[in-house]
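Positions 1 to 506 (the UniProt record's numbering) are the ones given, in order, by the sequence shown. Built from N, CA and C at the ideal position, the CB exists for glycine as well. Bear in mind the structure is a predicted one, so any value in this text is a computation, not a measurement.
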Amino acid sequence: MPVVILGSGIIGLSTAYFLSLPPNHLNPTTPSTTTTSTSNPPSTADWQPPEIHLVDPSPTLFRATASGLAGGFLAKDWFAPTVAPLGALSFDLHRRLAEACGGKEKWGWCETEGWNLDRDKGEEGEGEGEVGKGREDMDLSWLMSGSSRATLLAAAGAEGSSQEEAGTHPKWIRAPASAFKSITDRSSTAQVDPMRLCEFLLSECLARGVKLHSPARATELVRDATSGATSVRIEYLDTTTMPTSSDIPSTFTPTRTLDIPCTSLILSSGAWTPHVFNTLFPTAPRIPRINPLAGYSLLVKSPYWQPISSASASEDTNTRVCHAVFTSDSGAGAGFSPEVFSRAGGEIWFGGLNKKGMALPDTPTPLVLPVPGDGEEMSPRMLEDEKAIETLKDLARTLCRVPSTPSSTSTPSAQIEFTRTSLCFRPVSPTGKPYIGRIDPADLGLPADSYSDAQLQVFMGTAHGPWGISLSLGTGWVLGEMVRGEETSVDVGPLAKWQGVASGKA
1 MPVVILGSGI
11 IGLSTAYFLS
21 LPPNHLNPTT
31 PSTTTTSTSN
41 PPSTADWQPP
51 EIHLVDPSPT
61 LFRATASGLA
71 GGFLAKDWFA
81 PTVAPLGALS
91 FDLHRRLAEA
101 CGGKEKWGWC
111 ETEGWNLDRD
121 KGEEGEGEGE
131 VGKGREDMDL
141 SWLMSGSSRA
151 TLLAAAGAEG
161 SSQEEAGTHP
171 KWIRAPASAF
181 KSITDRSSTA
191 QVDPMRLCEF
201 LLSECLARGV
211 KLHSPARATE
221 LVRDATSGAT
231 SVRIEYLDTT
241 TMPTSSDIPS
251 TFTPTRTLDI
261 PCTSLILSSG
271 AWTPHVFNTL
281 FPTAPRIPRI
291 NPLAGYSLLV
301 KSPYWQPISS
311 ASASEDTNTR
321 VCHAVFTSDS
331 GAGAGFSPEV
341 FSRAGGEIWF
351 GGLNKKGMAL
361 PDTPTPLVLP
371 VPGDGEEMSP
381 RMLEDEKAIE
391 TLKDLARTLC
401 RVPSTPSSTS
411 TPSAQIEFTR
421 TSLCFRPVSP
431 TGKPYIGRID
441 PADLGLPADS
451 YSDAQLQVFM
461 GTAHGPWGIS
471 LSLGTGWVLG
481 EMVRGEETSV
491 DVGPLAKWQG
501 VASGKA
């Protein structure tokens, strides 16, 4: 059962991770009793892991994509009815994986309290800037219009926390207590550092024998005319990363291409999925409709938010939580709803500033801002990037608590520090719901009788929008079940229906 996964972001890595585990390991339908590292999974008689290949065109993998740069906010019950079972499954898997593998230390998994921040409220408690009044629709109109994702909470039927259940409002934000409203407690929301989670998943996959081909891209399907066996032909974009002779079949010739035998093909290339689909299936009648939504973000360090692991002797690290704060731009004119997430590692993530219609690059690349005084003429795109990042920096300077009376003796550590500026593209479907499932051969442009299930099955896991990190483990779990021919743990049948555009118009 050779499996080729195109895309090595959080969805592809989650799928490879669970496919390389023995069946029922971390099973979400049984009580959580596993406490050992999944680096040494329990033995299963007569079970052998499948041959798994990860293919990705980016030399930096998830370090320049939404998988590594996203906010890392996890929710259990903020989803539309068709996505809700997957959301609950994935949230449980995030918790189980963290408990089994030391997620608190390795990728900053931490329970989180959610808050609405009314920036129009003063000390007297007056204001009208409340976010999260609920919506009837459950699509991505909130995201595309610059509204807050907190509006999904009431629409999904989830209940906020009572004042008795609510924790202490974030003291690292410069706002009076009256400006905060608790919307979730620590039982239904959590936080991870997605970059570190991806690094963990990749490390575990490689340790189990999963092959990584990067930077490389799939260029075509190759079918043996006699046996009907299918291979995915990949092209290496950097010859220094080509496999060594011990890693490749004897039929390999010293070129930039390699044919990988494949019975299961998984498309998980995020915003680049339509291009990958069109490349491999040029005669398909339609291509998945996925829009790339650009989003800017910052990582900030503040003296008032320290790593949870460095709690003082008077604090219990098991009782400290992270914070997810949802607010509005409060008349600043930027027209967006900021999201601010504190992390267990001591960072604070600022985001929510999106840009529709931005051209998708050929491959993911890090955001590069101009260096003042270097003499380079700034392009319109560079000016746009710089303006967006400055908007977020101004927001961070406004919201982050700093010493009230800075003096000439103040140290740099007493001020906020910007540690990373980022731009990434989220894959968004017209309905706001992900595409997860097996693709019918007719939708691939292949004759129905030309491929048997034993020869080739094609699956898709993409278009998660702003919920890629939250839904990642659940998506990887159910895709693994599909590849093995098992009944999925939750019903994702409605998510297998995907909208498309005519071939050649993606």
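Measure the alpha-carbon distance for residue 346 versus residue 193 and round it to whole angstroms. Here residue 346 corresponds to residue number 346 of the sequence shown, with the count starting at 1. Here residue 193 corresponds to residue number 193 of the sequence shown, with the count starting at 1. C-alpha separation (whole angstroms): 11 Å.
Would you grab the beta carbon distance between residue 237 and residue 271 for me? Rounded to a whole angstrom, and I think it's under 8 Å. As a position in the sequence shown, residue 237 is number 237, starting the count at 1. As a position in the sequence shown, residue 271 is number 271, starting the count at 1. That pair is no contact at about 18 Å.
Residue burial classification, residue 378 (beta-carbon count within 10 angstroms, cutoff 16): In the sequence shown, the residue the question calls residue 378 occupies position 378. Counting Cβ neighbours within 10 Å, residue 378 comes out exposed, since fewer than 16 surround it.
Can you give the Cα-Cα distance for residue 177 and residue 114, rounded to whole angstroms? To locate residue 177, count along the sequence shown from 1; it is residue 177. To locate residue 114, count along the sequence shown from 1; it is residue 114. Whole-angstrom Cα-Cα distance: 14 Å.
List the whole-angstrom C-beta distance separating residue 1 from residue 263, where the pair is believed to meet the contact cut-off of C-beta under 8 Å. The residue given as residue 1 occupies position 1 in the sequence shown. The residue given as residue 263 occupies position 263 in the sequence shown. Confirmed, Cβ separation roughly 6 Å.
Return the bridge partner residues of residue 339 from the DSSP annotation. As a first step, residue 339 must be located in the sequence shown, where it is residue number 339. 326, 351.
Candidates 53, 13, 57: closest to residue 362 by CA position: One-based indexing of the sequence shown puts residue 362 at position 362. Residue 362 has its Cα closest to that of 57, out of 53, 13, 57.
Opening and closing residue of the alpha helix (DSSP H) in which residue 281 lies: As a first step, residue 281 must be located in the sequence shown, where it is residue number 281. That residue, residue 281, is in no alpha helix (DSSP H); it is neither H nor E in DSSP.
Please state if the CB of residue 324 and the CB of residue 73 are separated by a distance shorter than 8 Å. Here residue 73 is taken as the residue at index 73 of the sequence shown, counted from 1. Here residue 324 is taken as the residue at index 324 of the sequence shown, counted from 1. Result yes, Cβ atoms of residue 73 and residue 324 sit closer than 8 Å.
Under three-state DSSP, which class holds residue 47? Position 47 of the sequence shown, counted from the first residue, corresponds to residue 47. Three-state DSSP puts residue 47 in coil, outside helix and strand.
Would you list the residues sitting across from residue 297 in a DSSP beta bridge? The residue you call residue 297 lines up with position 297 of the sequence shown. 422.
Would you call the CB atoms of residue 212 and residue 8 closer than 8 Å? As a working note, residue 212 is residue 212 in the sequence shown. As a working note, residue 8 is residue 8 in the sequence shown. Yes, these two residues count as a Cβ contact at 8 Å.
Report yes or no: do the stretch 100-119 and the stretch 484-498 share at least 3 C-beta pairs separated by less than 8 Å? no
By alpha-carbon positions, which one of 169, 385, 474 ends up nearest to residue 13? Taking the first residue of the sequence shown as 1, we reach residue 13 at position 13. Per the Cα distances, 474.
Looking at the unbroken beta strand (DSSP E) that takes in residue 106, where does it start and where does it end? In the sequence shown, residue 106 corresponds to position 106, counting from 1. Element bounds for residue 106: not the beta strand (DSSP E) but the alpha helix (DSSP H), 103-106.
Between residue 197 and the rest of its own chain, which residues show a CB-CB distance below 6 Å, the 5 nearest in sequence each way excluded? For this step, residue 197 is matched to residue 197 along the sequence shown. 107.
Can you name, in chain order, every residue of its own chain whose Cβ lies under 7 Å from the Cβ of residue 252, other than the five neighbours on each side? Walking along the sequence shown from the start, residue 252 turns up at place 252. Residue confidence for residue 252 is low, a pLDDT of 44 falling below 50, so the modelled location carries little weight; the figure read from the coordinates is stated next. Taken in chain order, the residues that qualify are 258.
Return the Cβ separation of residue 222 and residue 4 in integer angstroms, given the expectation that the two are a contact with Cβ distance under 8 Å. Your numbering for residue 222 matches position 222 in the sequence shown. Your numbering for residue 4 matches position 4 in the sequence shown. Actually they do not touch by this definition, with Cβ atoms about 12 Å apart.
Start and end of the beta strand (DSSP E) containing residue 259? Position 259 of the sequence shown, counting from 1, holds the residue named residue 259. Here the beta strand (DSSP E) through residue 259 covers 257-261.
Could you check if residue 458 is buried or exposed, using at least 16 other CB atoms within 10 Å of its CB as the buried criterion? Here residue 458 is taken as the residue at index 458 of the sequence shown, counted from 1. Residue 458 should be labelled buried.
For the stretch 426-444 and the stretch 76-87, state whether three or more C-beta atom pairs, one from each stretch, are separated by less than 8 Å. yes
Residue 164 versus residue 339: straight-line alpha-carbon distance, rounded: Within the sequence shown, residue 164 is the residue found at index 164, counting from 1. Within the sequence shown, residue 339 is the residue found at index 339, counting from 1. For residue 164, the predicted model reports a pLDDT of 41, less than 50, meaning its position is unreliable; a value from the coordinates is still stated below. Taking the straight line joining both Cα atoms gives about 25 Å.
Separation of residue 418 from residue 234, as counted between CA atoms: Position 234 of the sequence shown holds residue 234. Position 418 of the sequence shown holds residue 418. So the two alpha carbons sit approximately 39 Å from each other.
Alpha carbon to alpha carbon, how far is residue 439 from residue 388? For this step, residue 439 is matched to residue 439 along the sequence shown. For this step, residue 388 is matched to residue 388 along the sequence shown. When rounded, the distance between both Cα atoms is 38 Å.
Between the alpha carbons of residue 460 and residue 51, how many angstroms are there, rounded? As a first step, residue 460 is located in the sequence shown; it is residue number 460 there, counting from the start. As a first step, residue 51 is located in the sequence shown; it is residue number 51 there, counting from the start. Approximately 19 Å between the Cα atoms of the pair.
Leaving aside the five residues before and after residue 477 along the sequence, list all residues of the same chain whose C-beta is less than 8 Å from its C-beta, in chain order. On the sequence shown, residue 477 is found 477 positions in, with the first residue counted as 1. The residues are 14, 18, 28, 89, 90, 93, 489.
For residue 478, the three-state DSSP class (helix, strand or coil): Here residue 478 is taken as the residue at index 478 of the sequence shown, counted from 1. In the structure shown, residue 478 sits in a helix (DSSP, three-state: H, G or I).
Rounded separation between residue 344 and residue 282 - CA only: Counting from 1 along the sequence shown, the entry for residue 344 is found at position 344. Counting from 1 along the sequence shown, the entry for residue 282 is found at position 282. Approximately 46 Å, taken between the alpha carbons.
Expressed to the nearest angstrom, what Euclidean distance is found between the alpha-carbon atoms of residue 426 and residue 463? Taking the sequence shown and counting its residues from 1, the one referred to as residue 426 is at position 426. Taking the sequence shown and counting its residues from 1, the one referred to as residue 463 is at position 463. Taking the straight line joining both Cα atoms gives about 8 Å.
Identity of the residue in 500, 173, 6 nearest residue 305 by Cα: To locate residue 305, count along the sequence shown from 1; it is residue 305. Nearest C-alpha to residue 305: 173.
N- and C-terminal bounds of the alpha helix (DSSP H) containing residue 16: Start at 1 with the first residue of the sequence shown, and residue 16 comes out as number 16. 10-19 is the extent of the alpha helix (DSSP H) around residue 16.
Are the CB atoms of residue 469 and residue 70 nearer to each other than 8 Å? Mapped onto the sequence shown, residue 469 falls at position 469. Mapped onto the sequence shown, residue 70 falls at position 70. Taking 8 Å as the Cβ cut-off, residue 469 and residue 70 qualify as a contacting pair.
What do you reckon, are the CB atoms on residue 68 and residue 195 nearer than 8 Å? In the sequence shown, counting from the first residue as 1, residue 68 sits at position 68. In the sequence shown, counting from the first residue as 1, residue 195 sits at position 195. Going by C-beta atoms, residue 68 is nearer than 8 Å to residue 195.
Please report the distance separating the alpha-carbon of residue 385 from that of residue 369. The residue labelled residue 385 in the question sits at position 385 within the sequence shown. The residue labelled residue 369 in the question sits at position 369 within the sequence shown. If you take the alpha carbons of residue 385 and residue 369, they lie about 7 Å apart.
Classify residue 485: buried if its beta carbon has 16 or more other beta carbons within 10 angstroms, exposed otherwise. Mapped onto the sequence shown, residue 485 falls at position 485. Answer is exposed; the Cβ neighbour count stays below 16.
Residue 429 and residue 285 closer than 8 Å at C-beta: As a working note, residue 429 is residue 429 in the sequence shown. As a working note, residue 285 is residue 285 in the sequence shown. Not closer than 8 Å, so no.
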